[in-house]
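Residue numbers (UniProt numbering): 1 to 291. Data first, discussion second: the structure below is written as structure tokens.
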Amino acid sequence: MRSFITISLLLGSLGSSSPIESRSASQLDIEAPEQTRIGYFDGDTFYSPPFAPPRVESNYEIYEDGDEPVSDTAIPDWFTTHLLARRLLAISSTAVLSTVYPKGYRDGTLDGTPIGLPDYIADCAAYNSNDALTNILGRGNPLLLALNIGTTFRNAQAGSKVSLSVDWWQHSRIPPKGEDPLDRVPAGLPRLSLLGRIEEIPLSSLSKGDKKAIEQCFLKNHPDSKYWLPGSPKSPHSGYWARLVVEKAFWVGGFGDRARIGWLDMHTWKAVPENSKDGKKGWADVKLPGE
């Protein structure tokens, strides 16, 4: 027997199906009110027709489950979604890095407690013009300047996995009267969470050319970082170059009637180029809302 629950319109950010997960026997079916749609959860992914307050003066028609196929014309396909996610990372210069305090930390009440702190990042492997950095970092793995004094990197050195979160919320706006009231509100804009581990890039493993390339890429995004570059005798803090090795990526493109929500495919994530190649687009060929 199916179990049904009613979801309010406030949950409009839940979205359409992921290309990764498959429908399981443990799925939870949902029958939603008239202005939402019918679908089901499987893990963190919501499988559905569009699931958000309807757009104003929409040019496409949406049908209830069991009537006719639901229009998907306003939602980017999953390959385009991967391009958008890689673009968001490529043009982001800061992110929130989250870790957990290790067992045995000096304040025992913090054992296993998560903490998120903003930090500098640079997606130096995103560009086709620098094969050296792509080889060092791996596509889709952002570069970090890790300071040994930092809580994030202390926790990572103690064994914590890491999540890195970026968003497009700074491009939100209040829609003018008469336009879609949900157009580019923060909850309707993309955000991305990358899950993985931090790996040090030892200076001893880098050639002079590679070391210079890493420094130039990072300083292009963060000129002030020249004061604490790894290996610099003038730096007030010791540090090292590191990469976030991305193992999983979760994407929320916005409201579910116009964006995808779910786990990204890691093979596709790592294969996305900067520009069009072999007839397929790259991340530089797409635009985020408001660009």
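Here a beta-carbon is modelled for each residue, glycine too, at the ideal position from N, C-alpha and C.
### Query
When DSSP labels each residue in this structure, what does threonine 81 get in the three-state scheme?
As a working mapping, residue 81 is identified with position 81 in the sequence shown. Helix at threonine 81.
### Local conformation of proline 114 per DSSP, three classes
Counting from one through the sequence shown, the residue named residue 114 turns up at place 114. Note: proline 114 maps to strand in three-state DSSP.
### Task
Take every Cβ of the segment 87 to 105, pair it with every Cβ of the segment 206 to 214, and state whether three or more of those distances are shorter than 8 Å.
no
### Task
Within its chain, find whatever has a CB closer than 8 Å to the CB of glycine 138; leave out the 5 residues flanking it on each side and keep chain order.
Against the sequence shown, residue 138 aligns to sequence position 138. Hits under 8 Å: Ala125, Arg243, Val245 and Lys270.
### Query
Should the segment 213 to 228 be regarded as contacting the segment 143 to 163, the criterion being three or more beta carbon pairs within less than 8 Å?
yes
### Query
Are there 16 or more other CB atoms within 10 angstroms of the CB of glycine 290, so buried, or fewer, so exposed?
The count along the sequence shown starts at 1 and reaches residue 290 at position 290. Exposed, since its Cβ has fewer than 16 Cβ neighbours within 10 Å.
### Task
Return the chain-ordered list of same chain residues with a C-beta closer than 7 Å to the C-beta of aspartate 131, the five sequence neighbours on each side being excluded.
Residue mapping note: residue 131 aligns to position 131 of the sequence shown, counting from 1. Closer than 7 Å at Cβ, skipping near neighbours: no residue.
### Message
Let's see if you can read the secondary structure: which residues bound the alpha helix (DSSP H) around glutamate 215?
### Response
Residue numbering aside, residue 215 sits at position 215 when the sequence shown is read from its first letter. Counting along the chain, the alpha helix (DSSP H) containing glutamate 215 begins and ends at 208 to 221.
### Query
Exposed or buried, serine 205, counting other C-beta atoms within 10 Å across all chains shown (16 or more means buried)?
Position 205 of the sequence shown holds residue 205. Burial check for serine 205: the Cβ neighbour count within 10 Å stays below 16, so the residue is exposed.
### Task
Determine the DSSP secondary structure at tryptophan 269, reduced to helix, strand or coil.
Position 269 of the sequence shown, counting from 1, holds the residue named residue 269. Residue state, collapsed to three classes: helix.
### Neighbour-count burial assignment, arginine 191, 16 or more Cβ in a 10 Å radius
The residue labelled residue 191 in the question sits at position 191 within the sequence shown. So arginine 191 ends up on the buried side.
### Query
So what does DSSP say about arginine 87, is it helix, strand or coil?
Mapped onto the sequence shown, residue 87 falls at position 87. In this structure, arginine 87 counts as helix in the three-state DSSP scheme.
### Task
Would you list the one or two residues that DSSP bridges to leucine 192?
To locate residue 192, count along the sequence shown from 1; it is residue 192. Beta bridge pairing from DSSP links leucine 192 with Val166 and Trp251.
### Query
Do the segment 196 to 205 and the segment 167 to 174 touch if we need at least three Cβ pairs shorter than 8 Å?
no
### Query
Alpha carbon to alpha carbon, how far is lysine 248 from proline 118?
Translated into positions along the sequence shown, residue 248 becomes position 248. Translated into positions along the sequence shown, residue 118 becomes position 118. Lysine 248 and proline 118 have their C-alpha atoms some 20 Å from each other.
#### Entry: Cα-Cα separation between isoleucine 38 and arginine 258, rounded to whole angstroms
Taking the sequence shown and counting its residues from 1, the one referred to as residue 38 is at position 38. Taking the sequence shown and counting its residues from 1, the one referred to as residue 258 is at position 258. Low confidence applies to isoleucine 38: its pLDDT is 37, below 50, so where it sits in the model is not reliable enough to give any reading.
### Query
How many Å lie between glutamate 215 and lysine 281 at the Cα?
By one-based count along the sequence shown, residue 215 stands at place 215. By one-based count along the sequence shown, residue 281 stands at place 281. Between glutamate 215 and lysine 281, the alpha-carbon positions lie close to 29 Å from each other.
### Message
If I follow the unbroken alpha helix (DSSP H) through alanine 156, where does it start and stop?
### Response
Taking the sequence shown and counting its residues from 1, one reaches residue 156 at position 156. Boundaries of the alpha helix (DSSP H) around alanine 156: 151 to 157.
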